[in-house]
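So the protein sequences, as listed, match chains A and B. Once you know that position 128 of the first sequence is 128 in our numbering, the rest is easy, because the numbers rise by one and skip nothing. Once you know that position 35 of the second sequence is 1035 in our numbering, the rest is easy, because the numbers rise by one and skip nothing. Even glycine gets a Cβ: it sits at the ideal position worked out from N, Cα and C. Every value quoted in this text rests on a predicted model; they were computed, and no experiment measured them. Below: one structure, written as structure tokens.
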Amino acid sequence: MAKKVKEAPAGPKVVHDAQRPPAGADGTDGTHEKRQYEPKYNWMNKSRQWGVRVRPGKAGLKLGDLNAGIYGEVPMHWQDQSRNPRGAVARRGMPPVGYTIRDKAGLWADCAADLYEEAIQRRWAPATDVPWETIDNLPSDVEHAVCQVCTELTGYANVDIEAVTGWQHQMSYGYHEVKQFLATASFDAARHHECFRKRALVNGGGLGLESPCQVNRMILESRGGWTEAVVYLYLMRGVFTMTLYKYLERYAHNDAERFIYGRALADKARHVTYGLDHLKFAVAHVEDQRQVLAILLAIGDGGFGRDLADPVLREALAIIFGGGIKGARRQGMDVYNDLMRDYVKTHLEYCSWLDVPRNPAAFPPALKEFAPPPAAAS
Amino acid sequence: MEVAAPFPSVRWFDAVRDVFNNDDSYRGAGGGYCNCAAGIKIGDAIFVLTFEGQECARAVAADDAALDDVDFYLDMSAADWHEMVANIRDNGHADLHHTLNTLDLDREDGLATSHHGDQYREDLFFRYNQTLQFFFDASARVKTEFAR
């Protein structure tokens, strides 16, 4: 026998405060008279474009794929000051949040959505992916040097985190691709902080001496806008860090270090790519931006030169490259000099690509000695 | 019985692609998503590898003009390529002296270069370095016959 079907329950009974008589006014406690809620669903008509059907490609459904129709319209100035997602219907009367970066030229990079996907899909986990068991005892001088370099790199990573997160909340919601990519950049930096600290503490050593931090301070105290911070964070420090990772992977003592430096290099290359792409965009859209970047870099050279004058990082790297204190003086310093020449060459190539004028002859001595001869530089 | 694939040839690259595309271990731990066209210049022989999403989609023989269109290309003498591939075969993967990063650093003009000089595209070599390394390391599982 079929079960008796119960009658569908009535919709939820809701009474709004404005419709509710004051408690006791009708001789009751004011809760027993309830009007039936009549949903209107009129929010369903609120869409600027309906019927969008984005298809996943070989790499899945990517963030950039969503830029279809009006959802891909990224204006040069983002007027809205609320947290209205790009493409949504704005609610009237929303109080402003107070974003300070509302011009596309102040943060945009066309590659941001792709870099976001790349960061998410190429992520790695220091705790379980790094073959920590391959780290064996090293000579004391080498272990000291590795730990000192890791101390420096941990500091760099911490500055990355603070710099990115310090600006991120000031960026308008309309440029969400950049905000999302930068979220991965700060997470990458957290990962780097984690794995360099782990490397310093995993093999009988410990953290070493704090670096002089002039460039750190320039990055963190950039007040002229995110673009200025990008100059110091990526075009200067980022390229230097990338070069360090390349050489440290080349001179790794075990598979764990090789893994760490290799993966950190890929992460850092992504950050530098964003930086370059953003600066290219800014140069193309902001009058005199080239000159502004040139002046910022000239100021930055001074701080970087003072950091390089401190011998700690140089000596630690030379010990690693030379296989110990004994080899540091000759072979180690030769490799260190190669590293610095590579850095200056790459940095100048990037500046040239950005069409930002540079004058190596005006570099501080600690940098100038690594600059290519004038003919090669031109 | 497995037939040896001659190096360098499209057949050899296809055999490596087959190993690379079917091994999930190459997708995690910093590998995976990779979109680029990489030229491989082995002496005078030129090949173009196209990476799409999680796989190496194509390997084709090409000529010098094709290098105008790739994001970057890896340029070494035939002897150096042979040494790298033999090292990978003997060790199961490249040893520290034969990784793409080491080979890049040890060369005056680097291993990765381009005709266009576009830094953004050239830097894909570093962003995808691990995937490219995984790709060549996969050749350890391909029976290779070196051209004399």
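Host beta strand (DSSP E) of Asp188 (chain A) (start-end)
For the purposes of this step, residue 188 (chain A) is taken as the residue at position 188 of the first sequence. No beta strand (DSSP E) contains Asp188 (chain A), which is instead part of the alpha helix (DSSP H) from 176-201.
Exposed or buried, which one is Pro21 (chain A) when buried takes at least 16 other CB atoms within 10 Å?
On the first sequence, position 21 is the one that residue 21 (chain A) refers to. In this prediction, Pro21 (chain A) scores a pLDDT of 47, lower than 50, which makes its location untrustworthy; the coordinate-derived value is nonetheless stated afterwards. Exposed is the call here.
Determine the closest residue to Met333 (chain A) out of A:Met218, A:Pro212, A:Tyr343, A:Ile320, with distance taken between C-alpha atoms.
As a first step, residue 333 (chain A) is located in the first sequence; it is residue number 333 there, counting from the start. For Met333 (chain A), the nearest C-alpha among the options comes from A:Ile320.
Could you please give me the residues that DSSP links to Ile101 (chain A) through a beta bridge?
The residue given as residue 101 (chain A) occupies position 101 in the first sequence. Paired residues: A:Met171.
According to DSSP, is Thr273 (chain A) helix, strand or coil?
As a working mapping, residue 273 (chain A) is identified with position 273 in the first sequence. It is helical.
Under 7 Å between C-beta atoms of Thr1050 (chain B) and Ala1057 (chain B):
Sequence index remark: in the second sequence, residue 1050 (chain B) carries index 50 (1-based). Sequence index remark: in the second sequence, residue 1057 (chain B) carries index 57 (1-based). Cβ atoms of Thr1050 (chain B) and Ala1057 (chain B): closer than 7 Å.
Report the partner residues of Met1076 (chain B) according to the DSSP bridge assignment.
As a working mapping, residue 1076 (chain B) is identified with position 76 in the second sequence. Answer is B:Ile1042, bridged to Met1076 (chain B).
Chain B contact for Arg263 (chain A) (CB, 7 Å cutoff)
Indexing the first sequence from 1 puts residue 263 (chain A) at position 263. Arg263 (chain A) counts as touching chain B.
Quick one: does Glu1122 (chain B) have its CB under 7 Å from some CB of chain A?
The residue labelled residue 1122 (chain B) in the question sits at position 122 within the second sequence. Chain A, which has no Cβ nearer than 7 Å to the Cβ of Glu1122 (chain B), makes this no.
Determine, using beta carbons only, whether Leu308 (chain A) and Val231 (chain A) come nearer to each other than 7 Å.
Working through the first sequence from its first residue, we reach residue 308 (chain A) at position 308. Working through the first sequence from its first residue, we reach residue 231 (chain A) at position 231. Taking 7 Å as the Cβ cut-off, Leu308 (chain A) and Val231 (chain A) do not qualify as a contacting pair.
Does Thr273 (chain A) have its Cβ less than 7 Å from a Cβ in chain C?
Considering every chain present, this structure includes no chain C. Its protein chains are A and B.
Counting only Cβ-Cβ distances shorter than 8 Å, please list the residues of the stretch 56-85 of chain A near chain B, keeping chain order.
Gly57, Lys58, Ala59, Gly60
Could you tell me which residues DSSP puts in a beta bridge with Cys1056 (chain B)?
The residue labelled residue 1056 (chain B) in the question sits at position 56 within the second sequence. B:Phe1051.
Pairing CB atoms from the stretch 164-177 of chain A with CB atoms from the stretch 99-107 of chain A, are three or more of them under 8 Å?
yes
Is any beta-carbon of chain A found at less than 7 Å from that of Phe1072 (chain B)?
The residue you call residue 1072 (chain B) lines up with position 72 of the second sequence. Chain A, which has no Cβ nearer than 7 Å to the Cβ of Phe1072 (chain B), makes this no.
Could you check which residue in A:Glu210, A:Ser211, A:Ile260 has the C-alpha nearest to that of Lys198 (chain A)?
Taking the first residue of the first sequence as 1, we reach residue 198 (chain A) at position 198. Closest by alpha carbon: A:Ile260.
Enumerate in chain order the residues of its own chain whose CB-to-CB distance from Glu257 (chain A) is below 8 Å, with the five nearest sequence positions on each side excluded.
Counting from 1 along the first sequence, the entry for residue 257 (chain A) is found at position 257. Only Ile135, Val146, Arg199, Leu248, Glu249 meet the Cβ criterion.
Quick one: what's got a C-beta closer than 6 Å to Ile1040 (chain B)'s C-beta in the same chain, skipping five residues either side?
As a position in the second sequence, residue 1040 (chain B) is number 40, starting the count at 1. Same-chain partners within the cutoff: Phe1047, Leu1074.
C-beta neighbour in chain B for Trp50 (chain A), strict 7 Å
Here the question's residue 50 (chain A) lines up with position 50 in the first sequence. No, its Cβ sits nowhere closer than 7 Å to a Cβ of chain B.
Residues of chain B with a CB under 7 Å from the CB of Arg250 (chain A): which are they?
Position 250 of the first sequence, counted from the first residue, corresponds to residue 250 (chain A). Residues of chain B passing the Cβ test: Asn1101, Thr1102, Leu1105.
Does the pairing of the stretch 343-362 of chain A with the stretch 1101-1113 of chain B give three or more beta-carbon distances under 8 Å?
no
Any idea which residues DSSP pairs Glu1145 (chain B) with across the strands?
Working through the second sequence from its first residue, we reach residue 1145 (chain B) at position 145. DSSP lists B:Pro1006 as partners of Glu1145 (chain B).
Just the C-alpha distance for Gly155 (chain A) and Gln121 (chain A), rounded to the nearest angstrom, thanks.
Mapped onto the first sequence, residue 155 (chain A) falls at position 155. Mapped onto the first sequence, residue 121 (chain A) falls at position 121. Near 26 Å, if we compare the C-alpha coordinates of Gln121 (chain A) and Gly155 (chain A).
Per DSSP, what kind of secondary structure is Cys1036 (chain B) in: helix, strand or coil?
One-based indexing of the second sequence puts residue 1036 (chain B) at position 36. Cys1036 (chain B): strand per DSSP, three-state reduction.
Partner residues on chain B for Tyr247 (chain A), Cβ-Cβ distance less than 8 Å:
Looking up residue 247 (chain A) in the first sequence gives position 247. Within chain B, the residues near Tyr247 (chain A) are Leu1105.
Is there a C-beta anywhere in chain B that falls below 7 Å from the one on Ala269 (chain A)?
Taking the first sequence and counting its residues from 1, one reaches residue 269 (chain A) at position 269. Answer yes: the Cβ-Cβ gap between Ala269 (chain A) and chain B drops below 7 Å somewhere.
Under 9 Å from the C-beta of Leu276 (chain A): neighbouring residues of chain B
Within the first sequence, residue 276 (chain A) is the residue found at index 276, counting from 1. By Cβ distance, chain B contributes Gln1119, Tyr1120, Asp1123.
Name, please, each residue of chain B whose Cβ falls closer than 8 Å to the Cβ of Trp124 (chain A).
By one-based count along the first sequence, residue 124 (chain A) stands at place 124. By Cβ distance, chain B contributes Gly1028, Ala1029, Gly1030.
Can a CB atom of chain A be found closer than 7 Å to the CB of Gly1053 (chain B)?
Here residue 1053 (chain B) is taken as the residue at index 53 of the second sequence, counted from 1. True, the Cβ-Cβ gap to chain A drops below 7 Å.
Grouping DSSP H, G and I as helix and E and B as strand, with all else coil, what is Gln81 (chain A)?
The residue you call residue 81 (chain A) lines up with position 81 of the first sequence. In the structure shown, Gln81 (chain A) sits in coil (DSSP, three-state: anything other than H, G, I, E or B).
Thr1113 (chain B) by DSSP, collapsed to three states: which one?
Position 113 of the second sequence, counted from the first residue, corresponds to residue 1113 (chain B). In this structure, Thr1113 (chain B) counts as strand in the three-state DSSP scheme.
Under a Cβ-count criterion, where at least 16 other Cβ atoms within 10 Å of its own Cβ denotes burial, should Thr346 (chain A) be classed as buried or exposed?
Taking the first sequence and counting its residues from 1, the one referred to as residue 346 (chain A) is at position 346. Thr346 (chain A) is buried by the Cβ-count criterion.
For Ala1078 (chain B), which of B:Glu1002, B:Phe1007, B:Gly1031 has the nearest alpha-carbon?
For the purposes of this step, residue 1078 (chain B) is taken as the residue at position 78 of the second sequence. Nearest option by C-alpha distance: B:Phe1007.
Test: Phe1126 (chain B) CB closer than 7 Å to a CB of chain A:
Residue numbering aside, residue 1126 (chain B) sits at position 126 when the second sequence is read from its first letter. Yes, because at least one Cβ of chain A sits closer than 7 Å to the Cβ of Phe1126 (chain B).
Are any of the Cβ atoms in chain B nearer than 7 Å to that of Phe370 (chain A)?
Translated into the one-based positions of the first sequence, residue 370 (chain A) becomes position 370. So no, Phe370 (chain A) is outside the interface.
For Arg91 (chain A), is the classification buried or exposed, using 16 other Cβ atoms within 10 angstroms of its Cβ as the cut-off for buried?
What you label residue 91 (chain A) is simply residue 91 of the first sequence in a count that begins at 1. Looking at its Cβ environment, which holds fewer than 16 other Cβ atoms inside 10 Å, Arg91 (chain A) is exposed.
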